[in-house]
Amino acid sequence: MPPPAVNNGMLSELLQTGKFSDCTINCQGKEFKLHKVVVCAQSPVIASALEKASKEPRSSSLHITGFDLATVECMVDFLYHEDYIINGDVLCMANTSEWAPPPNMQGNGLSPVRLASGEFRFSSFAVSGSGNSTLETLPPGPSPPSTPPPAVVRDSLLCHVEVNAIGHYYKLPKLCDRATRYIQDIISSDEFPVEIFSYLAIAAHKSSEDTQLHDLVFSFAAEHVQILLNTTGFEKLMALPNFGLKLLQKTAAKLQANENQLAKIQDQRVRDQENIDRLQQNLSGLKDSFSAVSTECDLATKKNLDLVMERDSAQRALDKERKQKLAAVSGCDRIKQDYESERTRAAALLSSRDSLQKALDTEKQNYAKLWSERDALQQRMTALTTQHNSVTAQKNTARNELAALEKKIDDLLDIVENRDYCRNCGNDFGCWIEDVDTSFILRCDNCRCRHYN
1 MPPPAVNNGM
11 LSELLQTGKF
21 SDCTINCQGK
31 EFKLHKVVVC
41 AQSPVIASAL
51 EKASKEPRSS
61 SLHITGFDLA
71 TVECMVDFLY
81 HEDYIINGDV
91 LCMANTSEWA
101 PPPNMQGNGL
111 SPVRLASGEF
121 RFSSFAVSGS
131 GNSTLETLPP
141 GPSPPSTPPP
151 AVVRDSLLCH
161 VEVNAIGHYY
171 KLPKLCDRAT
181 RYIQDIISSD
191 EFPVEIFSYL
201 AIAAHKSSED
211 TQLHDLVFSF
221 AAEHVQILLN
231 TTGFEKLMAL
241 PNFGLKLLQK
251 TAAKLQANEN
261 QLAKIQDQRV
271 RDQENIDRLQ
281 QNLSGLKDSF
291 SAVSTECDLA
301 TKKNLDLVME
311 RDSAQRALDK
321 ERKQKLAAVS
331 GCDRIKQDYE
341 SERTRAAALL
351 SSRDSLQKAL
361 DTEKQNYAKL
371 WSERDALQQR
381 MTALTTQHNS
391 VTAQKNTARN
401 ELAALEKKID
411 DLLDIVENRD
421 YCRNCGNDFG
431 CWIEDVDTSF
441 ILRCDNCRCR
451 HYN
């Protein structure tokens, strides 16, 4: 008979009863009776410490002093259950007048639970005398509000940070990931009070060296930096080593990503607008083509009706002649000859109809060709109009420049004719000309005095 498969229920029973225990962990006066096959297989640090302690006589115990009892309880729960719940006595200390547990919950634990909707809630569990936690259904009583006060959320976050720290210290990566996910679930909730973020950031940098947790803190700070700058206590985070630099790097990366996304959106918008314009042009062309085809179809239908009427008329005439010929007593040869004649006439009519159909198709092709030539002529006319406007503008500009130059020359000649000597030094008026945009200025070649009109 094969041995029963190991499951969480069996491990939970072994943890509660301490049966077959071969090692212990002590913290703040409490002893946890554990099993090396469970503990040492997950934590090389604990395995090394227990192996070192086992060399001493009658000792296979690990004393933990760097973490509190609640944190150690969470680690032990995770080693046996691959999950943990926070000791509710720790959170009860954070209750305020705004929210307090009902009387039937006093002394019980409060554990944060993430619902399917992503909301953050607290459920309760009883704390047994041995310190192990089991889920328990509470009797009916007043229920707390759906959103716990900031103090409870803050202490819950700090507990998860300590669990992450002990997981990193004892090299339990799965425990670190679990604690980080709990923290992420809490801070990503729409109801998360951002004013307690500084407590989380300080605790994460002082208690844990887990880079994944630090990245989560920096990412949240960069995502909500505008809100955090207006919260009390955020300035204390600047004292943390490299916090400001890393926050700046995360914010810059976020801004760059937003700029890249905006550029992509703008490019896509331009392409969409070009597609819309092209489709509108195509639609306009299709409407014109449809109108032309509809007109041609109406003409063809009318001609077809005329042909049908001619055919019916010919058929009636043929029937009349048949009756006349059949009514005749004699003249069988004549009737046969007339019949052949009518057949020839009907064939001629069909041939005439086919010729008309071909003529209609030819007219359609000619119409399409004329329409294309009309578009080409319109484009050429537009280009010639644009060219004419450009030449006219250049002509007007040249005319204005010529008029301004003539005025400048007239003013210059007026000064030369009215000046025989310099108004400043009195010497004979020998001068040189300076062009100052809208006029010419004459300067005396001796003293450089300027002479105006």
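Here UniProt numbering is used: the first residue of the sequence shown is 1, the next is one more, and so on. Don't be surprised by glycine CBs; every beta carbon is placed ideally from N, CA and C.
| task | Tell me whether the beta-carbon of L377 lies closer than 9 Å to the beta-carbon of K303. | result | No, the Cβ-Cβ distance between L377 and K303 is not below 9 Å.
| said: Beta-carbon within less than 6 Å of E119's beta-carbon, same chain only, minus the 5 sequence neighbours each way: which residues are those? | reply: With a pLDDT of 36 at E119, under the threshold of 50, the modelled position of this residue cannot be trusted; read the value that follows with caution. So no residue of the chain qualifies.
| message | Measuring only the C-alpha atoms, how far is K264 from Q273? | response | Distance between the alpha carbons of K264 and Q273 is about 14 Å.
| task | Report the residue from K395, K52, I46 and E56 whose alpha carbon sits nearest the alpha carbon of L75. | result | A small correction: the amino acid at residue 75 is Met; Leu does not occupy that position in the sequence shown. Looking at the Cα atoms, I46 is the closest of the given residues.
| request: Please name the residue, chosen from K236, S372, C422 and N389, that lies closest to R448 on a Cα-to-Cα basis. | output: Closest by alpha carbon: C422.
| request: Starting from K36, follow the alpha helix (DSSP H) in both directions and report where the run begins and ends. | output: Its alpha helix (DSSP H) spans residues K36 to V39.
| Cα separation between Y182 and H160? | Between Y182 and H160, the alpha-carbon positions lie close to 7 Å from each other.
| Just the Cα atoms here: how many angstroms apart are Q16 and G233? | Looking at the two C-alpha atoms, the distance is approximately 42 Å.
| request: Please check the pair L79 and V37, which I expect to be a contact at CB under 8 Å, by giving their CB distance rounded to whole angstroms. | output: Contact between L79 and V37 is absent: CB atoms are separated by about 11 Å, not below the 8 Å threshold.
| query | So does the segment 363–383 actually touch the segment 330–337, counting three or more Cβ pairs closer than 8 Å? | reply | Fewer than three Cβ pairs drawn from the segment 363–383 and the segment 330–337 lie within less than 8 Å of each other, which leaves the two stretches out of contact.
| message | Residues in the same chain with beta-carbon distance under 6 Å from R450, minus the five sequence neighbours each way, listed in chain order, please. | response | Hits under 6 Å: I441 and R443.
| Straight-line Cα distance separating E82 from N258 | Whole-angstrom Cα-Cα distance: 38 Å.
| task | Within the same chain, show all residues whose beta-carbon is closer than 7 Å to that of W432, passing over the 5 residues directly before and after it, in chain order. | result | Cβ neighbours of W432 beyond the five flanking positions: R443 and D445.
| Whole-angstrom distance between D354 and T392, CA atom to CA atom | Those two C-alpha atoms are separated by around 57 Å.
| query | With 16 other CB atoms within 10 Å as the buried threshold, where does L216 fall? | reply | When all chains shown are included, L216 counts as buried.
| query | So E13 and T24 are in contact, right, with Cβ under 8 Å, and what is the actual spacing, rounded? | reply | Incorrect: roughly 18 Å between the Cβ atoms, too far for contact.
| message | Within a Cβ cutoff of 8 Å, which residues of the same chain sit near L413, ignoring the five residues on either side of it in sequence? | response | Short of 8 Å from the beta carbon of L413, and not among the five residues preceding or following it, lies no beta carbon of its own chain.
| From I202 to F218, what does the alpha carbon distance come to, in whole angstroms? | Looking at the two C-alpha atoms, the distance is approximately 12 Å.
| message | So for F290, helix, strand or coil by DSSP? | response | If DSSP states are grouped into helix, strand and coil, F290 belongs with the helices.
| Backbone CA spacing between A151 and C27 [nearest angstrom] | Each residue's Cα considered, the two are about 26 Å apart.
| said: Less than 9 Å between the C-beta atoms of T71 and A165, yes or no? | reply: Against a cut-off of 9 Å, the Cβ pair of A165 and T71 comes out as a contact.
| said: So, with DSSP's three-state summary, where would you put F192? | reply: Reduced to three states, the DSSP call for F192 is coil.
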